[in-house]
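The block underneath contains the structure these notes are about, expressed in structure tokens.
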Amino acid sequence: MKALDVSQTVLKAESQGLNFFYGQAQALHGLSLPVYDRCVTALIGPSGCGKTTYLRCFNRMHDLYPGNRYEGEVILYPDRVNIVGPEVDPIEVRMRIGMVFQKPNPFPKSIYENVAYGMRIRGVSSKADLDMVVERALQEAALWGEVKDRLQASAMNLSGGQQQRLCIARALATSPELLLFDEPTSALDPTATSRIEELVTELKQKVAIVIVTHNMQQAARVSDHTAFMYEGRLVEFNRTEKMFTNPSVKLTEDYVTGRFG
Amino acid sequence: MRLKNGIAKYIKSTALQRRIMRRKGLDRFFAFEGLFVMGVALLVLFALVGQLAADGAGRLSWQFLTSFPSRFPAQAGILTAWIGTLLVMLVTALAAVPLGIGAAIYLEEYAAKSWLTEVIEINIANLAGVPSIVYGLMALGLLVYELHLGQSFLTAGLTLGMLILPMVIIATREAIRAVPPAVREAAYALGATKWQTVRDHVLPYSMGGILTGMILALSRAVGETAPLITVGALSFIAFLPHPPWQGEFPFVSFEWLFDPFTVMPIQMFNWVSRPQEEFHVNAAAAGLILLAMSLAMNAAAIVIRARFRKRIHW
Numbered sequence: 000m001k002a003l004d005v006s007q008t009v010l011k012a013e014s015q016g017l018n019f020f021y022g023q024a025q026a027l028h029g030l031s032l033p034v035y036d037r038c039v040t041a042l043i044g045p046s047g048c049g050k051t052t053y054l055r056c057f058n059r060m061h062d063l064y065p066g067n068r069y070e071g072e073v074i075l076y077p078d079r080v081n082i083v084g085p086e087v088d089p090i091e092v093r094m095r096i097g098m099v100f101q102k103p104n105p106f107p108k109s110i111y112e113n114v115a116y117g118m119r120i121r122g123v124s125s126k127a128d129l130d131m132v133v134e135r136a137l138q139e140a141a142l143w144g145e146v147k148d149r150l151q152a153s154a155m156n157l158s159g160g161q162q163q164r165l166c167i168a169r170a171l172a173t174s175p176e177l178l179l180f181d182e183p184t185s186a187l188d189p190t191a192t193s194r195i196e197e198l199v200t201e202l203k204q205k206v207a208i209v210i211v212t213h214n215m216q217q218a219a220r221v222s223d224h225t226a227f228m229y230e231g232r233l234v235e236f237n238r239t240e241k242m243f244t245n246p247s248v249k250l251t252e253d254y255v256t257g258r259f260g
Numbered sequence: 000m001r002l003k004n005g006i007a008k009y010i011k012s013t014a015l016q017r018r019i020m021r022r023k024g025l026d027r028f029f030a031f032e033g034l035f036v037m038g039v040a041l042l043v044l045f046a047l048v049g050q051l052a053a054d055g056a057g058r059l060s061w062q063f064l065t066s067f068p069s070r071f072p073a074q075a076g077i078l079t080a081w082i083g084t085l086l087v088m089l090v091t092a093l094a095a096v097p098l099g100i101g102a103a104i105y106l107e108e109y110a111a112k113s114w115l116t117e118v119i120e121i122n123i124a125n126l127a128g129v130p131s132i133v134y135g136l137m138a139l140g141l142l143v144y145e146l147h148l149g150q151s152f153l154t155a156g157l158t159l160g161m162l163i164l165p166m167v168i169i170a171t172r173e174a175i176r177a178v179p180p181a182v183r184e185a186a187y188a189l190g191a192t193k194w195q196t197v198r199d200h201v202l203p204y205s206m207g208g209i210l211t212g213m214i215l216a217l218s219r220a221v222g223e224t225a226p227l228i229t230v231g232a233l234s235f236i237a238f239l240p241h242p243p244w245q246g247e248f249p250f251v252s253f254e255w256l257f258d259p260f261t262v263m264p265i266q267m268f269n270w271v272s273r274p275q276e277e278f279h280v281n282a283a284a285a286g287l288i289l290l291a292m293s294l295a296m297n298a299a300a301i302v303i304r305a306r307f308r309k310r311i312h313w
């Protein structure tokens, strides 16, 4: 099922010559990379190589902090809008692209309010509509069964793995076109990790996914395409099987075989 | 194997035991020292309160709370003083709290970091340390002489409002900063605007800290004397201010804002400066009431903090 025929894949987003600067320091150097719809794209590479920095360009998270600057383009399809263009409102970008963070970060509110929040800020206030969205999102995040009887309980009482699935439900509630995962399992135990991985595989039926991971087995298990980054540059982008069995660049081979990183 | 034996030998060695004993001794020394210092502080506090209670407790009565000041110590009371304190605090809170929270939100969430905001930040910290009498002089010049607000509740409340404004700003900023950036990012990542993030997350999660700061600032203001004397507090008022309500529409009245005022510390100051011993007893009794007011405010701060802490834990 992983072997999607290339002819069927549709571009969801594409970065073209993307440079990114933290103040004077250039963190990304001319990154060009496609993200295919209904596929999982994994970003791998040693710490500090710019995976997370790159991921956070997709929803303009860098705009929250002063002194950051983008150059180049990240095109979102089908409407071909350049999401890092200065004329594009970051809020509009974030309304279309969801994100799940490294550490589970639920709001200290009820489970229900966590999931409903995205719709609330979009002006949805009808109880029936919100109920429907909350149930759907929790179902999609495979959390509904565990929390349906305590939707009003605080999200902070959930376990780490449940909190992370709640954060996924929260992101799914607004039906994003593209979902970003920033090392979503690095704070979780192996059981919770495998549940999240299953979830990612299921979710790609509906939405394009970009996932940053430190764990090469994880990249191999969940992704269709893998990009290997090193020192802010793209070293190799390929289908995941190819990347892990027969990489075309020596540096990639050294990394995926654990010779460094 | 040799290494293992070596470690075992080392652990049994008396040299190591001696070293541990020395460190534990130092530990105990600091524990005792802390206890001693705390004891001294508490003793001084109890002595002060005890003295006040010994002098004034006998004078506490319903009559004392419900009487106007008088030339005769036995008939004198603190009715105008405690009502004045409540009303001045009301004006102070209404002036300083919204302004202070607004300024703190702006500085923390909206203001771009520039030399101008740096200067503003440094000066807010400086303002919190300015002696209160200086605020009194400024208020006299600005509120009484320039704006002609009179020697009134409004002037008194605004004066104390200016005095605690920097404290309110600093407390609010501290509370806002305690909200983890990850929660803010979560809201922004869902497409929230800055204001939605502040309204739905930053403010509710920091409300416990903000309210605590407000109440502590107000309990500082409740004891202020010097700036109020400067703006013209009366020490002898034998009538109550206009009531803040009225019979006909719109049922609230703001006439009291322009009435002459007095407050508890002013009343105490006045009584203490009289030669008669009986008035000094009155001052001690009023001091007890003021202390109770201030303690009640601190207790409220603790309760509020505990309630908000229980609701929100990271």
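Just so you know, the sequences run in chain order S and H.
Per numbering that gives the first Met the number 0, the very first residue in the first sequence carries number 0; after that it's consecutive.
Per numbering that gives the first Met the number 0, the very first residue in the second sequence carries number 0; after that it's consecutive.
Every residue gets a Cβ at the ideal spot worked out from N, C-alpha and C, and that includes glycine.
All figures in this text were calculated on a predicted structure; none of them were measured in a lab.
Within a 10 Å sphere around the beta-carbon of Val211(S) sit 16 or more other beta-carbons, which makes this residue buried. In its chain, beyond the 5 residues on either side, Asn18, Gly231, Arg232 have a beta carbon closer than 7 Å to the beta carbon of His28(S).
In this structure, the beta-carbon distance from Leu233(H) to Pro264(H) does not fall below 8 Å. Think of a sphere of 8 Å around the beta carbon of His200(H): the chain S residues whose beta carbon falls inside it are Phe106, in chain order. Counting C-beta atoms within 10 angstroms of its own C-beta, Asn125(H) has fewer than 16 neighbours from the protein chains shown and is therefore classed as exposed.
DSSP places Lys241(S) outside any beta strand (DSSP E); the residue lies instead in the alpha helix (DSSP H), whose first and last residues are 239 to 244.
A Cβ-Cβ separation of about 6 Å places Val221(H) in contact with Ser293(H) under the 8 Å criterion.
Annotation: Ser14(S) is outside any alpha helix (DSSP H); the continuous beta strand (DSSP E) that includes it extends over 10 to 21.
Distance from the CA atom of Leu202(S) to the CA atom of Val39(S), rounded to whole angstroms, is 9 Å.
Within the stretch 30 to 113 of chain S, the complete beta strand (DSSP E) segments of 3 residues or longer fall at 39 to 43, 67 to 75, 96 to 99, listed in chain order.
Using a Cβ distance threshold of 8 Å, Ala103(H) and Ile214(H) do not count as a contacting pair. Each residue's CA atom was taken as its position, placing Met242(S) and Thr225(S) some 7 Å apart. For Met206(H), there is no enclosing beta strand (DSSP E); the residue is found in the alpha helix (DSSP H) stretching over 202 to 220. With respect to the C-alpha of Val133(S), the residue from Ile96(S), Ser174(S), Gln101(S) having the closest C-alpha is Ser174(S). Contact between the stretch 272 to 279 of chain H and the stretch 251 to 264 of chain H is absent: fewer than 3 CB-CB pairs across the two stretches fall below 8 Å. According to DSSP, residue pairing for Met228(S) in a beta bridge involves Leu233(S).
Interface with chain S (8 Å Cβ-Cβ cutoff): Lys112(H) is included. In summary, the residues of the stretch 163 to 196 of chain H whose CB is separated from some CB of chain S by less than 7 Å are Ala181, Val182, Glu184, Ala185, Tyr187, Ala188, Leu189, Gly190, Ala191, Thr192, Gln195, in the order they occur in the chain. Taking all protein chains shown into account, Tyr35(S) has 16 or more neighbouring C-beta atoms within 10 Å of its C-beta and is therefore buried. The three-state secondary structure of Ser193(S), taken from DSSP, is helix.
Within a 10 Å sphere around the beta-carbon of Arg79(S) sit fewer than 16 other beta-carbons, which makes this residue exposed. For Asp188(S), there is no enclosing alpha helix (DSSP H), since its DSSP letter is neither H nor E. Near chain H, meaning a CB-to-CB distance below 7 Å, no residue of the stretch 21 to 49 of chain S qualifies. The C-alpha of Leu164(H) is placed about 15 Å away from the C-alpha of Pro226(H). Contact check between the stretch 157 to 166 of chain S and the stretch 96 to 116 of chain S: three or more CB pairs, one atom from each, fall below 8 Å, which counts as touching.
Under a 10 Å Cβ-count criterion, Ser205(H) is classified as buried, with 16 or more other Cβ atoms of the shown protein chains found around its own Cβ. Interface criterion not met: the Cβ of Leu54(S) is under 8 Å from no Cβ in chain H. Secondary structure remark: continuous alpha helix (DSSP H) runs of at least 4 residues inside the stretch 74 to 141 of chain H, in chain order: 78 to 104, 114 to 126, 131 to 138. Legend: CB atoms of the stretch 115 to 133 of chain S lying less than 9 Å from CB atoms of chain H belong to residues Tyr116, Gly117, Arg119, Ile120, Arg121. In its chain, beyond the 5 residues on either side, Gly149, Gln150, Thr154, Val230, Gly231 have a beta carbon closer than 8 Å to the beta carbon of Val143(H). With the criterion set as a beta carbon lying under 7 Å from some beta carbon of chain H, the members of the stretch 64 to 90 of chain S are Pro65, Ile90, in sequence order. Within chain H, not a single residue places a beta-carbon under 8 Å from that of Lys11(S); the smallest gap is close to 18 Å.
Inclusion of Lys50(S) and Met228(S) in the CB contact set at 8 Å is warranted, their separation being smaller than that value. Look at the beta carbons and you see the stretch 76 to 91 of chain S touching the stretch 50 to 62 of chain S: at least three pairs across the two are nearer than 8 Å. In the structure shown, the three-state DSSP call for Ile208(S) is strand. For His28(S), the secondary structure class from DSSP, reduced to helix, strand or coil, is strand.
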